[in-house]
Amino acid sequence: MPKGGRCPICKKPMVDAVAPFCSTHCKNVDLNRWLSGLYVIPGESVPVEEEGEDFSEDI
Ligand SMILES: [Zn+2]
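Plus 1223 on top of the position in the sequence shown (first one is 1) and you've got this note's numbering.
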């Protein structure tokens, strides 16, 4: 059982049912942040489309 977890939104003790958040409200807040693009994940592999352009240089 996880213990000592804190809600990343409001820092209240997390509730297992909505872990790692303290309530569905904070869970939705976090989800909205993701959807809004406010979260940037360093190291996340992103497809580099520029590599495809190398083929066009053969012309
Ligand atoms: Zn919270």
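Glycine included, each C-beta is placed from N, C-alpha and C at the ideal position.
Distance cut-off 8 Å: S1246 Cβ against heavy atoms of ligand 1 = Numbered from 1 along the sequence shown, position 23 holds the residue referred to as residue 1246. Yes, the beta carbon of S1246 sits closer than 8 Å to at least one heavy atom of ligand 1.
ask   = Looking only at DSSP bridge pairs, what is P1236 linked to?
value = By one-based count along the sequence shown, residue 1236 stands at place 13. DSSP lists R1229 as partners of P1236.
key: Backbone CA spacing between L1254 and G1227 [nearest angstrom]   = Counting from one through the sequence shown, the residue named residue 1254 turns up at place 31. Counting from one through the sequence shown, the residue named residue 1227 turns up at place 4. Spanning the two alpha carbons is a distance of roughly 22 Å.
task = Buried or exposed for C1233, please, with buried defined as at least 16 other CB atoms from any protein chain shown within 10 angstroms of its CB.
result = Position 10 of the sequence shown, counted from the start, is the residue given in the question as residue 1233. Exposed is the call here.
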